[in-house]
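Colleague: Quick one: this structure, given as structure tokens, is what I'll be asking you about.
In the UniProt record's numbering, the protein residues as written are 1 to 660.
Structure (structure tokens):
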């Protein structure tokens, strides 16, 4: 769906309502309305039956494609012209004429859509050419690159002109030879003379271009780029003005509320809508005829020439005066056929010539430098690849092996350990010491202290069983009083007791005590690690999973469907379109009634046409209907520029989640 489709549906519905209301008021009894499809009561004659079939074929019954193809429309209009002419020559009733006028009106609607769609497709790509010339003129680097890119083309044109000039002079100075022998003997002399003429032509061109020799080639190319940009801008303004004229002035029927009135009103006047159809045909023809790029013309001159041609059109004047004898629908049908065959192809051909000559250069011109580089260095690159084939294969294998090891060691194995931690497997427990290590060292310390105390009682009396039990409990709590007292006594004579006493034994017991204390601390750390075992499992698997995720995202965006890149690209284009619409509304010169001019309205329609197509691809289905309502308010110039700017601001903040 597009702006053109909506316009065609609206205008086709307006024609149907004219006929239905005229039939219900007693002025026409040809049409009856059934659900969803507008039917025409088929007359008895074969000719009127053909007209009825033509009207149905020209109606917008298709919801997806209301606009007919050019070939299909031409065939229907040619058939309509023949049937209308035969009907007018046979002097049929007024109802038959009404049916012919309805067919002409629907054909005009289809022609309106074809021309509007063609102008939109022509105008939208011109912005890319303008941006290209802005880049060339905005940077000296781009100017140098453009000069190098176009140097072969300029050299070829100059050489062709020199050759044509020299050839013309040589042909003017030499007639036919009197004999073949004389021609054969003077071949060498002729080539020498032709070469002299070429040199003279080059000198003459050098003298004629002496004024531009003071400029560098880059300055000349900048002048050429500026000239091309001016012509493209003029073409864009002309096409935009044509779009604005067609939308604002073409097929401008009465508002729908007048058509819905049950009582007779001026909106149902037969001559009024016929006059609108005839005026629209004249407008379409004159817009195409005058939509040419002329250096001396501007937008106001173009508008004036179109309006003067429409106002002086003889058929439009005849319809305005309701002169039934001269307002034959067959004439309008032939005129529509003439527009399809001559004016529309001619305008498209002129656009193609101008856009090709002054638009963005072709891909061959822009990319011949890297192409030549690849062509010249291709053999060297192939030779390097052939000589390093084994190394390249080894690099590929190493890369594959590295990727495989990374996947197994940093993703699969940590995932298995994490699953084991969740299941609380014994093999997956985190520990920095064995389970029975602390118990064995503590029991050993207990035995060492108890044995030392029994062998060296403090008061010279042996320990009872209860005292030994109490001593064991104190050792478990870290109390080594008997050993420390003995250590204090032994330290009074350290050298003697180190050799003959128990100094070494007390030291070793204290070392064992230190070992137990260290293991107790390590056991606390071990308990802490076990309490956070699941957290450490996630931390261990996170790097491998994150790296794999980012690699997968990059591969999907680069080699996959590129949906994400396309969506970002479309969002970037939407931002640029919203900027262009805002710039059009804020920089425009309003008319006396406070609405957009024809040129600004055409530019707004071009940007809006693309915005609607891009937004439908980004917005979800439940939001598209609301967006279309706001979009229609934005395109309605009758609201005034201030309200249009407010609507644009509403679109920007309401749909920023998807569009920006």
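We treat Cβ as the ideally placed atom computed from N, Cα and C, and that holds for glycine.
Give me the Cα-Cα distance between residue 60 and residue 112, rounded to the nearest whole angstrom.
Modeller: If you take the alpha carbons of residue 60 and residue 112, they lie about 13 Å apart.
Colleague: Output yes or no for whether 8 Å exceeds the beta carbon distance between residue 106 and residue 12.
Modeller: Yes, the pair counts as a contact, with Cβ atoms nearer than the cut-off.
Colleague: So is residue 490 buried or exposed if we call it buried at 16+ other beta carbons inside 10 Å?
Modeller: The residue is buried, with at least 16 neighbouring Cβ atoms inside 10 Å.
Colleague: Do the region 611-631 and the region 588-598 touch if we need at least three Cβ pairs shorter than 8 Å?
Modeller: Counting Cβ pairs under 8 Å, fewer than three are found: no touch.
Colleague: If residue 242 and residue 291 are in contact, beta carbons under 8 Å, what's the gap, nearest whole angstrom?
Modeller: Contact holds; Cβ gap of about 5 Å.
Colleague: In angstroms, rounded to a whole number, what distance separates the CA positions of residue 272 and residue 252?
Modeller: Taking the straight line joining both Cα atoms gives about 11 Å.
Colleague: Between the alpha carbons of residue 15 and residue 655, how many angstroms are there, rounded?
Modeller: Those two C-alpha atoms are separated by around 36 Å.
Colleague: List, from N- to C-terminal side, the beta strand (DSSP E) runs of 3 residues or more that fit wholly inside the region 555-617.
Modeller: Here no run is fully enclosed.
Colleague: Applying the criterion that 16 or more other CB atoms from any shown protein chain within 10 Å of the CB defines a buried residue, is residue 660 buried or exposed?
Modeller: Per the 10 Å Cβ criterion, exposed.
Colleague: From 625, 355, 249, 307, pick the residue whose C-alpha is nearest to that of residue 234; which is it?
Modeller: Nearest of 625, 355, 249, 307 to residue 234, Cα basis: 355.
Colleague: Please state whether the Cβ-Cβ distance between residue 114 and residue 76 is less than 8 Å.
Modeller: No. Outside cutoff.
Colleague: With C-beta atoms as the reference, is residue 287 less than 8 Å away from residue 332?
Modeller: No, they are not a contact pair.
Colleague: Which residues in the same chain as residue 81 place their Cβ atom closer than 7 Å to its Cβ, once the five residues preceding and following it in sequence are excluded?
Modeller: Same-chain partners within the cutoff: 330, 333, 334, 337.
Colleague: Rounding to the nearest angstrom, what Cα-Cα distance links residue 386 and residue 370 in this structure?
Modeller: The alpha-carbon atoms of residue 386 and residue 370 are separated by roughly 23 Å.
Colleague: Please return the same chain residues whose Cβ sits closer than 8 Å to the Cβ of residue 449, not counting the five positions on each side in sequence.
Modeller: Cβ within range, chain order: 471, 475, 480, 482, 483, 509.
Colleague: Would you kindly check if the distance between the Cβ of residue 236 and the Cβ of residue 137 is under 8 Å?
Modeller: In this structure, residue 236 does not lie closer than 8 Å to residue 137 by Cβ.
Colleague: With 16 as the cutoff for other CB atoms within 10 Å, does residue 313 come out buried or exposed?
Modeller: Buried, because 16 or more other Cβ atoms sit within 10 Å of the Cβ of residue 313.
Colleague: Please classify residue 178 as buried or exposed, where buried requires at least 16 neighbouring CB atoms within 10 angstroms.
Modeller: Confidence at residue 178 is low in this model, with a pLDDT of 44, below 50, so the placement of that residue should be treated as unreliable; the coordinate-derived value is given next. Exposed, by the Cβ-count rule.
Colleague: Here's a check: name, in chain order, each residue in its chain whose Cβ is nearer than 6 Å to the Cβ of residue 345, leaving out the five neighbours to either side.
Modeller: So the list is empty, once near-sequence residues are dropped.
Colleague: Closest to residue 633 by C-alpha separation, out of 620, 649, 125, would be which residue?
Modeller: Per the Cα distances, 649.
Colleague: Alpha carbon to alpha carbon, what distance is there between residue 631 and residue 641?
Modeller: Spanning the two alpha carbons is a distance of roughly 14 Å.
Colleague: Compare the Cα-Cα distances from residue 120 to each of 414, 608, 283 and report the closest residue.
Modeller: Residue 608 is the option with its Cα nearest to residue 120.
Colleague: Just mark residue 578 as buried or exposed, buried being the case when its beta carbon has 16 or more other beta carbons within 10 Å.
Modeller: By the 10 Å Cβ count, residue 578 comes out buried.
Colleague: Report the three-state DSSP secondary structure of residue 446 (helix, strand or coil).
Modeller: Reduced to three states, the DSSP call for residue 446 is helix.
Colleague: Express the C-alpha separation of residue 142 and residue 228 in angstroms, rounding to a whole number.
Modeller: Computed Cα separation, rounded: 16 Å.
Colleague: Would you identify the three-state DSSP class for residue 335, choosing helix, strand or coil?
Modeller: Helix, per DSSP.
Colleague: To the nearest angstrom, how far is it from the Cα of residue 518 to the Cα of residue 447?
Modeller: Whole-angstrom Cα-Cα distance: 19 Å.
Colleague: In three-state terms, what does DSSP make of residue 35?
Modeller: At residue 35 the pLDDT is 39, less than 50, meaning the model places this residue with poor confidence and gives no usable figure here.
Colleague: If you draw a straight line from the alpha carbon of residue 389 to that of residue 147, how long is it in whole angstroms?
Modeller: Going from the Cα of residue 389 to the Cα of residue 147 covers about 40 Å.
Colleague: Taking 8 Å as the threshold, find out whether the region 518-527 comes into contact with the region 459-466 through three or more Cβ pairs.
Modeller: At 8 Å Cβ cutoff, the stretches do not touch.
Colleague: Residue 140 to residue 131, Cα distance in whole Å?
Modeller: Near 16 Å, if we compare the C-alpha coordinates of residue 131 and residue 140.
Colleague: How many Å lie between residue 404 and residue 550 at the Cα?
Modeller: About 16 Å.
Colleague: Terminal residues of the continuous alpha helix (DSSP H) containing residue 131?
Modeller: 126-138 is the extent of the alpha helix (DSSP H) around residue 131.
Colleague: Quick one, which of 493, 622, 574, 442 has its alpha-carbon nearest residue 652's?
Modeller: Checking every option, the nearest Cα to that of residue 652 belongs to 574.
Colleague: For residue 406, which of helix, strand or coil comes out of DSSP?
Modeller: Residue state, collapsed to three classes: helix.
Colleague: Hey, residue 303 and residue 245 are a contact pair by Cβ (cut 8 Å); roughly how many whole angstroms apart?
Modeller: With 8 Å as the limit, residue 303 and residue 245 qualify as a contact, their Cβ atoms being about 7 Å apart.
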